[in-house]
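K.L.:
Dropping the structure in here first, questions after.
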Amino acid sequence: MQGLEGQVLAHVDMDAFYAAVERLDQPQLAGAPIIVGGGKRGVVAAASYEARRFGVRSAMPMFEARSRCPQGVFLTPRMDRYRQVSRRVMEVLAGFSPLLEPVSVDEAYLDLTGTERLWGPPAQAGMAIKRAMQQATGLTCSVGIAPVRFLAKIASDRDKPDGLTVVGDLEIFLATVSLKEVPGVGAKARQRLGEMGLTRLVELRKLGPERLERVMGVFGHRLWDLAWGRDESGVTPGREVKSVSNEITLEADTGDRQVLAAHLLGLSQKVARRLRGQEFCGRTVTLKLKHRDHRLVTRSITLAQATDAAGEIFAAARELMEAYGAPGPFRLIGVGVSHLSAPGQGQTELFGAEKTGRNQALGRAEDAIVARFGEKAITRAAQIPASQASLDQGPSKGHNKVKPE
Ligand SMILES: [Mg+2]
5 MQGLEGQVLA HVDMDAFYAA VERLDQPQLA GAPIIVGGGK RGVVAAASYE ARRFGVRSAM
65 PMFEARSRCP QGVFLTPRMD RYRQVSRRVM EVLAGFSPLL EPVSVDEAYL DLTGTERLWG
125 PPAQAGMAIK RAMQQATGLT CSVGIAPVRF LAKIASDRDK PDGLTVVGDL EIFLATVSLK
185 EVPGVGAKAR QRLGEMGLTR LVELRKLGPE RLERVMGVFG HRLWDLAWGR DESGVTPGRE
245 VKSVSNEITL EADTGDRQVL AAHLLGLSQK VARRLRGQEF CGRTVTLKLK HRDHRLVTRS
305 ITLAQATDAA GEIFAAAREL MEAYGAPGPF RLIGVGVSHL SAPGQGQTEL FGAEKTGRNQ
365 ALGRAEDAIV ARFGEKAITR AAQIPASQAS LDQGPSKGHN KVKPE
């Protein structure tokens, strides 16, 4: 009826992750309202539950957080450290099922179907996950378990922090789900549906599929399924190691091709360096663009030959941008490389060994320079001044990304 018969899917979400890691590293901050954020966009990336009591929320401008919570401890994000802890988090989860799909640094889906003999029924498995996480990382997480993916996600959010929500009877749980909780239903859609007197997910059943699609556009079709508890999307394991990507949120939204190309170059260099650092080459280059209205677009191209050269990644990403053609403005741009293999593996001689060798030599020289002088030492002609954008990875960005093509 719902997803696949008898599925047990878990969604695990670390509680106030960045703030929790900061407290872990600075135990004297226990009990203090911790607010992590700032950077170029000047918004809150994470707030401890103590800070939330003052009304501080993620994505709130920092100045507002400061006025609501003047006694707060304000910290700048340390993405490298969060990624390091994130790896440990994912290792813990991988111990419970090989079907693990990280969706961000602090969040993952886990398919627990058929693990009952190992971990017991869902509630017991959930407790075991929480205990293991606490022991291995010193951090709390919230777990939702359901027969379908979207309800596992909603359930994990029900009882934060340190929560565990198991969806037993699908119909009973569905009846409690408000539209506000459903991923993908934005404020505008809620308003439109609200004007029709609809605030709960199950109430959409009254509309019928055609009307729902007229009101909601293409998303209406999926929403119709969700209203009946149907969600075919399972857990896609292992995506986290299959690609390397970097993205930046632009300081100001722009559609200027030259500015965007300059960012693409910087991002391509970063991705190339990370690939070389991990001794990977990749064949598929993905461009990611977020429109001003938050519409996310990804475009991919598969190269004849795997690469770890910034120039080749840049050329492909730029081509994708030109092919996409939409004028923007865009608020975020990203570049990823997937289909990874070790250098030399699966490479054809299409472009000739000489060119490959030279590109790789260039790349390695670049790595050496960065290692000696730091990131900012390398600036190429097409690159714009650093003031145009934050090349730092903002909150919830820059981790090894996870897009299937
Ligand atoms: Mg979280």
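Quick note: the sequence shown uses this note's numbering, first residue 5, plus one each step.
Backbone N, C-alpha and C define an ideal beta-carbon position, used for all residues, glycine too.
Since this is a predicted model, take the numbers as computed values, not measurements.
1. Give the secondary structure of Val-89 by DSSP, where H, G and I count as helix, E and B as strand, and everything else as coil.
2. Report the rounded CA-to-CA distance for Gly-148 versus Ala-14, giving the unit in angstroms.
3. Take Trp-123 and list the residues in its own chain whose beta-carbon comes closer than 6 angstroms to its own, dropping the five residues that flank it on each side.
4. Just tell me which of Cys-285, Arg-322, Glu-207 has its CA closest to the CA of Leu-271.
5. Do you know offhand how far Asn-250's Cα is from Phe-177's?
6. At which residue ranges does the region 144-217 contain complete alpha helix (DSSP H) runs of 4 or more residues, listed in the order of the chain?
7. Would Phe-284 and Val-339 be called neighbours here (beta carbons separated by less than 8 angstroms)?
8. Shortest alpha-carbon distance to Val-206 belongs to which of Ala-179, His-225, Arg-56?
9. With DSSP collapsed to three states, give me the class of Phe-78.
10. Using only the heavy atoms of ligand 1, determine whether one of them is closer than 7 angstroms to the beta carbon of Glu-68.
11. Which residues in the same chain as Phe-318 place their Cβ atom closer than 7 angstroms to its Cβ, once the five residues preceding and following it in sequence are excluded?
12. Using a Cβ-Cβ cutoff of less than 7 angstroms, which residues in the same chain neighbour Arg-72 once the five nearest sequence positions on both sides are dropped?
13. Could you say which of Leu-293, Ala-265, Val-96 lies nearest to Gly-315 if we only look at CA atoms?
14. Can you check the region 245-296 for any beta strand (DSSP E) of at least 3 residues that lies completely inside it and give the ranges in chain order?
15. Within 10 angstroms of the Cβ of Gly-221, are there 16 or more other Cβ atoms? Answer buried if so, exposed if not.
16. Ligand 1 heavy atoms versus the CB of Glu-54: any closer than 7 angstroms?
17. Grouping DSSP H, G and I as helix and E and B as strand, with all else coil, what is Leu-230?
18. Identify whether Asp-17 lies in helix, strand or coil by the three-state DSSP scheme.
19. For Gly-286, which residues in the same chain have their Cβ closer than 8 angstroms to its Cβ, ignoring the five residues on either side in sequence?
20. Expressed to the nearest angstrom, what Euclidean distance is found between the alpha-carbon atoms of Leu-216 and Thr-258?
21. Less than 7 angstroms separating the Cβ of Glu-111 from some heavy atom of ligand 1?
22. By alpha-carbon positions, which one of Lys-164, Arg-303, Leu-183, Leu-97 ends up nearest to Thr-203?
23. Could you please give the first and the last residue of the uninterrupted beta strand (DSSP E) stretch that includes Glu-236?
24. Sorry if obvious, but does the Cβ on Asp-17 come closer than 7 angstroms to a heavy atom of ligand 1?
25. If you follow the alpha helix (DSSP H) that Arg-57 is in, where does it begin and where does it stop?
26. Using only the heavy atoms of ligand 3, determine whether one of them is closer than 7 angstroms to the beta carbon of Leu-155.
27. Evaluate Met-200 with the Cβ neighbour count: other Cβ atoms within 10 Å of its Cβ, from every protein chain shown; 16 or more gives buried, anything less gives exposed.
28. Along the beta strand (DSSP E) that carries Phe-334, what are the first and last residues, could you check?
29. Specify the secondary structure class of Ala-327 as computed by DSSP and reduced to three states.
30. Which residue from Gly-281, Ala-159, Leu-143 puts its Cα closest to that of Met-94?
31. Please indicate yes or no: does the CB of Phe-334 lie closer than 7 angstroms to some heavy atom of ligand 1?
32. Using a Cβ-based criterion (distance less than 7 angstroms to any ligand heavy atom), does Phe-21 qualify as near ligand 1?
33. What is the DSSP secondary structure of Asp-29, reduced to helix, strand or coil?
P.N.:
From the atom records:
1. helix
2. Distance between the alpha carbons of Gly-148 and Ala-14 is about 6 angstroms.
3. Ala-129, Ala-132
4. Arg-322
5. When rounded, the distance between both Cα atoms is 38 angstroms.
6. Fully enclosed alpha helix (DSSP H) runs of 4 or longer: 153-160, 174-178, 191-199.
7. Cβ atoms of Phe-284 and Val-339: not closer than 8 angstroms.
8. Ala-179
9. strand
10. no
11. Excluding positions up to five away in sequence, the list reads Leu-268, Leu-269, Ser-272.
12. Phe-58, Gly-59, Val-60
13. Ala-265
14. 247-258, 285-295
15. Label assigned to Gly-221: exposed.
16. Result no, Cβ not under 7 angstroms from ligand 1.
17. The three-state reading of DSSP puts Leu-230 in helix, counting H, G and I together.
18. strand
19. Ser-247, Val-248, Leu-279, Ala-310, Thr-311, Asp-312, Val-341, Ser-342, His-343, Leu-344, Ser-345
20. 34 angstroms
21. yes
22. Sorting Lys-164, Arg-303, Leu-183, Leu-97 by C-alpha distance to the C-alpha of Thr-203 places Leu-183 at the top.
23. For Glu-236, there is no enclosing beta strand (DSSP E), as DSSP marks it with neither H nor E.
24. yes
25. Here Arg-57 belongs to no alpha helix (DSSP H), and DSSP marks it neither H nor E.
26. With respect to ligand 3, the structure shown offers nothing to examine, as its ligands consist of ligand 1.
27. exposed
28. DSSP places Phe-334 inside the beta strand (DSSP E), whose first and last residues are 334-345.
29. helix
30. Of Gly-281, Ala-159, Leu-143, the residue nearest in Cα terms is Leu-143.
31. no
32. yes
33. helix
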